[in-house]
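S.K.: Going by our numbering, the sequence shown opens with residue 15, and the numbers climb by one from there. Built from N, CA and C at the ideal position, the CB exists for glycine as well. Since the structure is predicted, the reported quantities are computational estimates derived from the model, not experimental observations.
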Amino acid sequence: MDIASGSDIGGTIVTPSRRRWRVPKALAWAAVAPFAAWAVARVCGLERGSLPTQIMTATPYAAAGSVVPVLVGALARNRAATAIALVTTAVLGFSVLPRAVGSAETGTGTPLRVLTLNMLFGHAEPAAVMDLVKRLKPDVLSTQELTPGMVESLDAAGIGELLPYRVLQDEWSAGGSGLYARHPMTPLENLFRPIGHNMPAAVINLPGTRPIEIIDVHPYPPLGSQVHDWTAAIGAFPPPSPDRIRILAGDFNASLDHAVMRRFLDQGYADAADRVGQGLVPTWPAGKSIPPIITIDHVVVDQRVGVNEVSVHTVPGTDHRAVFADLRLPA
15 MDIASGSDIG GTIVTPSRRR WRVPKALAWA AVAPFAAWAV ARVCGLERGS
65 LPTQIMTATP YAAAGSVVPV LVGALARNRA ATAIALVTTA VLGFSVLPRA
115 VGSAETGTGT PLRVLTLNML FGHAEPAAVM DLVKRLKPDV LSTQELTPGM
165 VESLDAAGIG ELLPYRVLQD EWSAGGSGLY ARHPMTPLEN LFRPIGHNMP
215 AAVINLPGTR PIEIIDVHPY PPLGSQVHDW TAAIGAFPPP SPDRIRILAG
265 DFNASLDHAV MRRFLDQGYA DAADRVGQGL VPTWPAGKSI PPIITIDHVV
315 VDQRVGVNEV SVHTVPGTDH RAVFADLRLP A
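(1) Would you identify the three-state DSSP class for S167, choosing helix, strand or coil?
(2) Write down every uninterrupted run of the alpha helix (DSSP H) in the stretch 164-242 whose length is 4 residues or greater and which is fully enclosed by it, in chain order.
(3) So what's G320 in DSSP terms, helix, strand or just coil?
(4) Excluding five sequence neighbours on each side, which residues of the same chain lie with their C-beta closer than 6 Å to the C-beta of Y194?
(5) By the 10 Å Cβ neighbour count, where 16 or more other Cβ atoms means buried, how is S21 classified, buried or exposed?
(6) Just the C-alpha distance for R224 and D257, rounded to the nearest angstrom, thanks.
(7) Is the CB-CB distance between A284 and V295 below 8 Å?
(8) Could you tell me how far apart the beta carbons of L41 and A76 are, in whole angstroms, since I believe they sit closer than 8 Å?
(9) Would S269 pass as a contact of T71 if the rule is Cβ separation under 8 Å?
(10) Compute the Euclidean distance between the alpha carbons of P344 and V217, then round it to the nearest angstrom.
(11) Rounded to whole angstroms, what's the CA-CA distance from G136 to V82? Just pull it up for me.
(12) In terms of DSSP beta bridges, what is F338 paired with?
(13) Contact check, A336 vs T130 under 8 Å by CB: the rounded distance?
(14) Rounded to whole angstroms, what is the Cα-Cα separation between A273 and T102?
(15) Name the one or two DSSP bridge partners that R258 has.
(16) Closest to L60 by CA distance: which of R276, H327, W298 and A44 is it?
(17) Which whole-angstrom value is the C-beta distance of D265 and D311, which I expect to be below 8 Å?
(18) Only counting the same chain, and skipping five residues up and downstream in sequence, which positions put a Cβ closer than 7 Å to that of K151?
(19) Count the other CB atoms, across all protein chains shown, that sit within 10 Å of the CB of S109; report buried if there are 16 or more and exposed otherwise.
(20) Just to confirm before moving on: does the CB-CB distance between H232 and G210 stay below 8 Å?
(21) Give the list of continuous alpha helix (DSSP H) stretches no shorter than 4 residues that lie fully inside the stretch 73-116.
(22) Tell me the rounded alpha-carbon separation between G63 and G238.
(23) Based on the DSSP secondary-structure assignment, which residues constitute the bridge partners of G264?
(24) Can you tell me whether DSSP reads S64 as helix, strand or coil?
(25) Please go through the same chain and pick out, in chain order, the residues whose beta-carbon is closer than 8 Å to the beta-carbon of G172, but skip the five residues on each side of it.
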C-alpha cells in the first residue's frame with residue numbers, strides 16, 4: 015500500500031488527568047465529633063458515673079490529640095468541621111495549658127515546706143522516704159496508705175529525729191493515713207466529715223503566723239459505685255477560713271479536669287503545682303512498665319499562700335510519686 019508523500023502521520027497526544035486525593039468530608043466529622051464532645055463535657059462539667067470520671071483525667075492528652083481533626087478537616091476541605099475542630103482545640107488548650115505556665119510570683123513570708131506521699135499499703139521503701147525528708151527538709155509530711163508496719167519502719171529509720179510531732183491514723187489497709195511535723199502539732203477534731211479513708215487534720219503553730227490547719231487527704235477512688243463517695247468526699251472538704259490558713263495535701267484521686275475538684279478550688283483554694291507551672295507533671299502510676307500518666311496527688315493551699323516551688327519525686331515501692339511544695343505563709 016502506497017502512502018502519499020504529502021500526508022501527515024501521527025496525531026494529538028492526550029495526557030490523562032491526575033485524580034486529586036481528598037479525604038471524605040464524612041471522615042472529618044467523624045474525627046472532630048469525639049473531641050468536640052470531650053471539650054463540651056470538660057467545660058460544662060458533664061462527666062457522670064465512674065468510667066467518664068476516670069476518662070476525664072486524660073484531658074491533657076485529648077487536648078494534644080485535638081489538632082488531628084483540624085488537619086483532617088483541612089484535608090477534607092470541610093470548612094465547618096475545620097472551624098469546629100479549631101474551636102475544640104482552643105477550648106481544650108485553654109483548659110490545660112495554663113497549668114504548664116503558672117501564675118505565681120515568688121512569695122515572701124514564713125516558709126512552710128509540705129511533702130505528701132501515698133505509700134501503697136505501706137510498701138514504700140523507708141530509706142527512700144527518709145532520703146526525701148533529709149534532702150527536702152519538709153515541715154510537714156502527709157502520708158496515705160500508712161500501715162503500722164510502715165510506722166515502725168520509719169521510726170527505726172529515724173523519722174522521729176527530723177519530724178518529732180505526729181498525728182497518725184494508721185491501719186493495715188489502704189485506709190491508714192498520718193501527719194508528721196517538725197513543729198508542735200495538735201489534732202483537730204470535727205473539722206469536717208471524712209468520707210473514704212482516714213483523713214486526719216491538725217493545727218500547727220508557727221512563729222509570726224496565724225494557726226495553720228493541715229488536712230491529710232485520701233478519698234476513695236472513683237471506681238464503680240465508689241464514685242458517689244468520691245464526689246461527696248471532695249464536696250465535704252472545709253472551705254477556706256478567714257482567720258486561719260488551711261492546707262490540704264494528699265492523694266485526691268482527682269485531677270484539675272474533674273468538675274468536683276474545680277468547684278472545690280473555686281471556693282478560695284489553689285493547686286500549688288498549677289500556680290508554678292508544674293500542674294501537668296503526672297503522679298500516678300509510678301514504678302510500672304508504663305510511666306506515670308495522670309496527676310491526682312496535690313498540695314492545695316489557701317489563695318493567700320505564696321508558692322515558691324513544687325517538685326515531684328519517684329519513691330521505690332509505691333505507685334504514687336511524692337509531691338513537695340515550698341510555701342510562703344502570709345503574716
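M.R.: Taking the geometry as given:
(1) S167 falls in the helix class under three-state DSSP.
(2) 173-176, all fully within the stretch 164-242.
(3) Reduced to three states, the DSSP call for G320 is strand.
(4) The beta carbon of Y194 sits closer than 6 Å to the beta carbons of L155, L177 and R180 from its chain, once the five residues preceding and following it are set aside; these are given in chain order.
(5) Bear in mind that the predicted position of S21 carries a pLDDT of just 49, short of 50, making it too unreliable to give a figure here.
(6) Approximately 7 Å between the Cα atoms of the pair.
(7) Against a cut-off of 8 Å, the Cβ pair of V295 and A284 comes out as no contact.
(8) About 19 Å separates the beta carbons of L41 and A76, which is beyond the 8 Å limit, so they are not a contact pair.
(9) S269 is a Cβ neighbour of T71, given a cutoff of 8 Å.
(10) Across the structure, P344 and V217 are spaced so that their CA atoms are roughly 16 Å apart.
(11) Between the alpha carbons of G136 and V82 lies a gap of roughly 43 Å.
(12) The partner list for F338 (beta bridge, DSSP) reads L129 and S325.
(13) That pair is a contact at about 7 Å.
(14) Between A273 and T102, the alpha-carbon positions lie close to 18 Å from each other.
(15) Partner(s): S255.
(16) Looking at the Cα atoms, R276 is the closest of the given residues.
(17) That belief holds up - the Cβ atoms of D265 and D311 are roughly 5 Å apart, short of 8 Å.
(18) The residues are R127.
(19) S109 should be labelled buried.
(20) Yes.
(21) Qualifying alpha helix (DSSP H) stretches, in chain order: 73-79, 81-89, 93-110 and 112-115.
(22) Approximately 8 Å, taken between the alpha carbons.
(23) Residue pairing of G264 in beta bridges, as defined by DSSP: V231 and H312.
(24) Judged by DSSP in its simplified three-state form, S64 adopts helix.
(25) M144.
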